[in-house]
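Below is one structure, written out as structure tokens; comments come after it.
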Amino acid sequence: MPPEAILSVRGLSKRFDGLLALEGIDFDVARGEIFGILGPNGAGKTTLFACLVGALAPSAGTVRFRGERIDGLPNYEVVARGLVRTHQIVRPFREMTVTQNVAIGAHFGSRGRGRGAPEERVAELLRRTGLSHRAGALAGTLTIGELKRLEIARALATEPAVICLDEVMGGLNPSEIQGAMELIRWVREEGVTVLMIEHHVHAVVGVSDRILMLDFGRKIAEGLPATVVNDPAVVAAYLGDVAVPGGRA
Amino acid sequence: MTGLRARLRPSVTVAAAGLLLLLAPRVFGRGILNDIWSVAFAVVLASSWNLLGGLAGQVSIGYSAFLGIGAYTTALLALRGMQPYATLPLAALLGAAFSFVVGLPTFRLRGPYFTIATIGVGEAVRVFAGGVAFTGGSSGIRMPPGSFDFGLNYASMVVLAVAVVTLAAWLRGSAFGAALAAIRQDIDAAEALGINATRYKVAVHALSAGLVAAAGSLFAINFQYISPGSVFDFRLSLSIVLMPILGGVGTVAGPVWGAIFFSYLQIKMLSVPALRDSYLFLYGTLLILIMLFEPKGLLGLWERLPRALRRPPKEASAA
Numbered sequence: 000m001p002p003e004a005i006l007s008v009r010g011l012s013k014r015f016d017g018l019l020a021l022e023g024i025d026f027d028v029a030r031g032e033i034f035g036i037l038g039p040n041g042a043g044k045t046t047l048f049a050c051l052v053g054a055l056a057p058s059a060g061t062v063r064f065r066g067e068r069i070d071g072l073p074n075y076e077v078v079a080r081g082l083v084r085t086h087q088i089v090r091p092f093r094e095m096t097v098t099q100n101v102a103i104g105a106h107f108g109s110r111g112r113g114r115g116a117p118e119e120r121v122a123e124l125l126r127r128t129g130l131s132h133r134a135g136a137l138a139g140t141l142t143i144g145e146l147k148r149l150e151i152a153r154a155l156a157t158e159p160a161v162i163c164l165d166e167v168m169g170g171l172n173p174s175e176i177q178g179a180m181e182l183i184r185w186v187r188e189e190g191v192t193v194l195m196i197e198h199h200v201h202a203v204v205g206v207s208d209r210i211l212m213l214d215f216g217r218k219i220a221e222g223l224p225a226t227v228v229n230d231p232a233v234v235a236a237y238l239g240d241v242a243v244p245g246g247r248a
Numbered sequence: 000m001t002g003l004r005a006r007l008r009p010s011v012t013v014a015a016a017g018l019l020l021l022l023a024p025r026v027f028g029r030g031i032l033n034d035i036w037s038v039a040f041a042v043v044l045a046s047s048w049n050l051l052g053g054l055a056g057q058v059s060i061g062y063s064a065f066l067g068i069g070a071y072t073t074a075l076l077a078l079r080g081m082q083p084y085a086t087l088p089l090a091a092l093l094g095a096a097f098s099f100v101v102g103l104p105t106f107r108l109r110g111p112y113f114t115i116a117t118i119g120v121g122e123a124v125r126v127f128a129g130g131v132a133f134t135g136g137s138s139g140i141r142m143p144p145g146s147f148d149f150g151l152n153y154a155s156m157v158v159l160a161v162a163v164v165t166l167a168a169w170l171r172g173s174a175f176g177a178a179l180a181a182i183r184q185d186i187d188a189a190e191a192l193g194i195n196a197t198r199y200k201v202a203v204h205a206l207s208a209g210l211v212a213a214a215g216s217l218f219a220i221n222f223q224y225i226s227p228g229s230v231f232d233f234r235l236s237l238s239i240v241l242m243p244i245l246g247g248v249g250t251v252a253g254p255v256w257g258a259i260f261f262s263y264l265q266i267k268m269l270s271v272p273a274l275r276d277s278y279l280f281l282y283g284t285l286l287i288l289i290m291l292f293e294p295k296g297l298l299g300l301w302e303r304l305p306r307a308l309r310r311p312p313k314e315a316s317a318a
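So the sequence lines, in the order shown, correspond to chains A and B. Residue numbers are given in numbering that gives the first Met the number 0: position 198 of the first sequence equals residue 197, and the series is strictly consecutive. Residue numbers are given in numbering that gives the first Met the number 0: position 293 of the second sequence equals residue 292, and the series is strictly consecutive.
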């Protein structure tokens with residue numbers, strides 16, 4: 000494991016009965032990196048995030064976070080150590096206000112890592128995610144774009160060292176995507192390492208330092224964005240060339 | 000400081016109500032005081048259940064187990080010479096401890112496992128209490144003579160009811176209450192933000208079970224005789240669920256209104272011989288009506304009232 004890696008994944012597999020959703024995934028993420036994860040539907044991207052944070056238990060393999068093994072830990076323990084994810088299908092606390100939603104993350108997830116007074120930090124996160132004007136609204140009344148940003152604000156409130164963003168640009172219009180990319184860069188400037196799953200290839204390529212490509216639960220490419228998107232196996236996977244699932248493998 | 004005042008107001012209302020009820024023995028006769036005792040008892044059960052069932056959304060249909068454990072603890076210890084009221088803390092502790100038996104194995108699971116387990120455990124405890132010798136078996140046990148003091152019991156039940164409602168109001172606004180609300184609304188999202196859901200559920204279950212056991216303790220002292228059929232009754236478990244749902248589940252005032260309404264109905268029904276055995280029918284009907292027309296219960300109806308009064312009937316205004 001390289002000394003600068005904050006997250007190190009080795010041989011990670013996840014089996015659901017007969018289906019092998021992830022098969023022997025290896026990768027390292029460096030501190031301060033924006034690490035994009037691409038792949039067609041059903042490639043195993045969200046399952047990968049669920050295994051990283053402990054929402055699902057991996058069937059095999061190890062996950063090291065800041066040098067410490069975290070695979071097998073429950074989700075709340077992983078969050079306490081500083082690794083958090085957002086949900087692709089948003090999961091707000093609908094009967095709470097936007098502020099209360101974010102305060103849950105600040106209060107229970109941060110374990111004293113909070114930067115400044117919790118109320119001020121919550122207000123700052125709402126401002127950064129463009130939700131200040133909705134602070135007192137019930138989360139159930141938000142639009143999908145606002146709910147995606149609420150997922151980010153809530154996860155950031157746990158003061159993570161690494162945040163896993165699961166399709167936060169899904170369903171957004173081009174100007175909202177621009178805003179989301181700026182938000183992600185700001186998150187990195189805050190000192191948070193970013194893993195991001197995204198369908199929107201241009202957005203990922205535009206913002207990521209490196210990219211991991213998954214297909215049918217396996218890693219088919221990893222490297223600089225320009226290299227990965229021109230990889231024949233990646234092109235084949237995205238064009239749906241079923242003759243070579245997994246490409247060169 | 001309007002926020003603080005808004006948070007204090009319910010406590011002030013409850014304290015004032017409690018004070019009035021404590022002065023009631025100077026005005027009212029024993030019959031009315033008995034009814035007030037019953038209502039206060041119901042308020043304790045409903046509000047305690049609501050801590051777990053309403054705030055955390057974990058529905059238990061086995062709360063008579065805790066009531067019975069409290070009642071039996073007090074009766075058995077009093078028979079061995081302990082001062083009955085001194086057994087209250089122990090009864091509460093035993094009730095809380097027993098809550099782990101149901102909660103620890105089932106709270107880790109997602110889905111209705113907890114609710115199903117509570118039915119089984121509630122019935123198992125009743126059968127156990129009726130089958131072993133030290134509880135006096137199915138014929139029950141009588142408290143030692145001279146352990147009865149209505150005035151003290153009345154005051155204790157009123158104080159307990161005020162304490163439980165105040166605790167519920169405070170808990171609902173606390174960080175602990177926020178964690179419970181998060182668990183109720185989306186348990187996976189709660190854990191994804193650092194909340195150890197199992198621990199919070201186990202903790203609030205124990206708290207609520209302990210309070211119900213304390214009420215059971217006062218129940219034993221008040222009625223002087225307990226049996227598995229009276230304190231471990233499944234119908235009792237059902238009515239504990241029904242009261243908060245009737246009043247408005249998850250709120251502070253809802254279980255109180257539910258308890259008042261339900262106790263009144265039950266007192267009325269028990270006085271009519273023809274209706275005495277039809278309370279299961281009543282429970283079912285009430286539950287269906289609430290689910291169909293007003294899931295927020297009596298509080299929901301109350302909120303509707305001003306709107307209904309303000310809006311004149313269409314036919315009338317047209318005519």
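All residues carry an ideal CB built from backbone N, CA and C; glycine is no exception. Only a predicted model underlies this, so the values are computations on that prediction, with no experimental measurement involved.
What does the alpha-carbon distance come out to for the pair residue i and residue j?
i	j	result
A/P159	B/T117	38 Å
A/R9	A/F26	7 Å
B/P83	B/L75	10 Å
A/S207	B/L93	57 Å
A/P224	A/V193	15 Å
B/G10	B/A168	Sequence inspection shows Ser at residue 10 of chain B; the Gly mentioned does not correspond to that position. Going by the C-alpha atoms only, they are around 7 Å apart.
B/A213	B/R125	18 Å
A/D16	A/P57	13 Å
Is it right to say residue i is buried, meaning 16 or more other beta carbons lie within 10 angstroms of its own, or is it exposed?
i	result
B/G52	buried
B/A317	Here the model assigns B/A317 a pLDDT of 42, short of 50, so the residue's position is not dependable and the matter cannot be decided.
A/W185	exposed
B/F218	buried
A/H132	exposed
A/I5	buried
B/E190	buried
B/P329	Nothing in the structure corresponds to residue 329 of chain B, since chain B is present only between 0 and 318.
A/R153	buried
B/A196	buried
A/G104	buried
B/A307	exposed
A/N229	exposed
Counting only beta-carbon atoms, is residue i nearer than 8 Å to chain A?
i	result
B/A174	yes
B/I31	no
B/I266	no
B/E302	no
B/A315	Caution applies to B/A315, whose pLDDT of 47 falls short of 50 and renders its modelled position unreliable; the value that the coordinates give is listed next. No, its Cβ sits nowhere closer than 8 Å to a Cβ of chain A.
B/N195	yes
B/A180	yes
B/A95	no
B/Q184	yes
B/A188	yes
B/A55	no
B/L192	yes
B/A252	no
On the DSSP bridge list, what partners appear for residue i?
i	result
B/L20	Partner(s): none; B/L20 has no beta bridge.
A/G222	A/I210
A/T192	A/V161
A/T61	A/R9
A/A4	A/A29
A/V266	An answer regarding residue 266 of chain A cannot be provided, because it is not within the stretch 0 to 248 covered by chain A.
B/L103	Answer is none; B/L103 lacks a bridge partner.
A/F15	A/L18
Verify the CB distance criterion: does residue i have a CB-CB separation below 8 Å to chain B?
i	result
A/E94	yes
A/H106	yes
A/E133	Sequence check: residue 133 of chain A is Arg here, not Glu. For A/R133, the answer is no, since every Cβ of chain B falls outside 8 Å of its Cβ.
A/Y237	no
A/Q249	Shown here, chain A extends from 0 to 248; a query on residue 249 of chain A therefore has no answer.
A/V78	yes
A/R126	no
A/P117	no
A/I88	no
A/I69	no
Any chance the CB of residue i is under 7 Å from a heavy atom of the ligand FMN?
i	result
B/M242	With respect to small molecules bound, the structure shown includes none, and the ligand FMN cannot be examined in it.
Practice task
Taking only beta carbons into account, state which residues of the stretch 142-160 of chain A come closer than 7 Å to chain B, listed in chain order.
Solution key: R153, T157
Exercise for the section: Name, going along the chain, the residues of the stretch 172-194 of chain A whose beta-carbon falls closer than 9 Å to a beta-carbon of chain B. Expected result: Taking 9 Å as the Cβ-Cβ cut-off against chain B, none of the residues of the stretch 172-194 of chain A qualify.
Practice task
Quick one: which residues of the stretch 34-57 of chain A get their C-beta closer than 8 Å to a C-beta of chain B? List them in chain order.
Solution key: V52, A54
Practice task
Report the residues of the stretch 216-233 of chain A with a CB closer than 7 Å to any CB of chain B, ordered along the chain.
Solution key: none
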